[in-house]
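Residue numbers for the sequence shown follow this note's numbering, so the first one is 274 and each next one is one higher.
Below is one structure, written out as structure tokens, with a few remarks after it.
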Amino acid sequence: YTLLASRAAEFPAPVQRFFPYLMQQNWLLGYAEIAGIARTLQGLSRRASPGSGMETAGDELRRNYAAYQADFDEFFPQLQAFSATAIPAP
């Protein structure tokens, strides 16, 4: 959170408004577990268009976790490499 807070001025305005709540409620820790991700998706579903199916996305994640993990394992090193060159150090 310290690193994010140091760059908060670069966030879009809507993110700047909710960032204090993100820190206070430790949202990032919640994303470390499927249950936390599912809770977030259920909350987002209340603000999404009816019929989005987002409220059941946690079940989808549980059922297909291995496939999502494989995709993440392939994608994350690419994200890190891109970020290292595209985002200037603080």
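Even for Gly, the Cβ is constructed at its ideal location relative to N, Cα and C.
Because the structure is a prediction, the values reported are computed rather than measured.
A distance below 7 angstroms between beta-carbons, with the five flanking residues on each side excluded, links Ala281 to the following residues of its chain, in chain order: Gln289, Phe292. In the three-state scheme derived from DSSP, where H, G and I count as helix and E and B as strand, Ala339 is classed as helix. Going by beta carbons, Gly326 and Arg312 fall outside the 9 angstroms limit. Residue range 307-318 is occupied by the alpha helix (DSSP H) that includes Arg312.
In the three-state scheme derived from DSSP, where H, G and I count as helix and E and B as strand, Ser325 is classed as coil.
Residue environment for Leu276: exposed (fewer than 16 other C-beta atoms within 10 angstroms of its C-beta). Here Pro285 carries a coil assignment [DSSP, helix/strand/coil].
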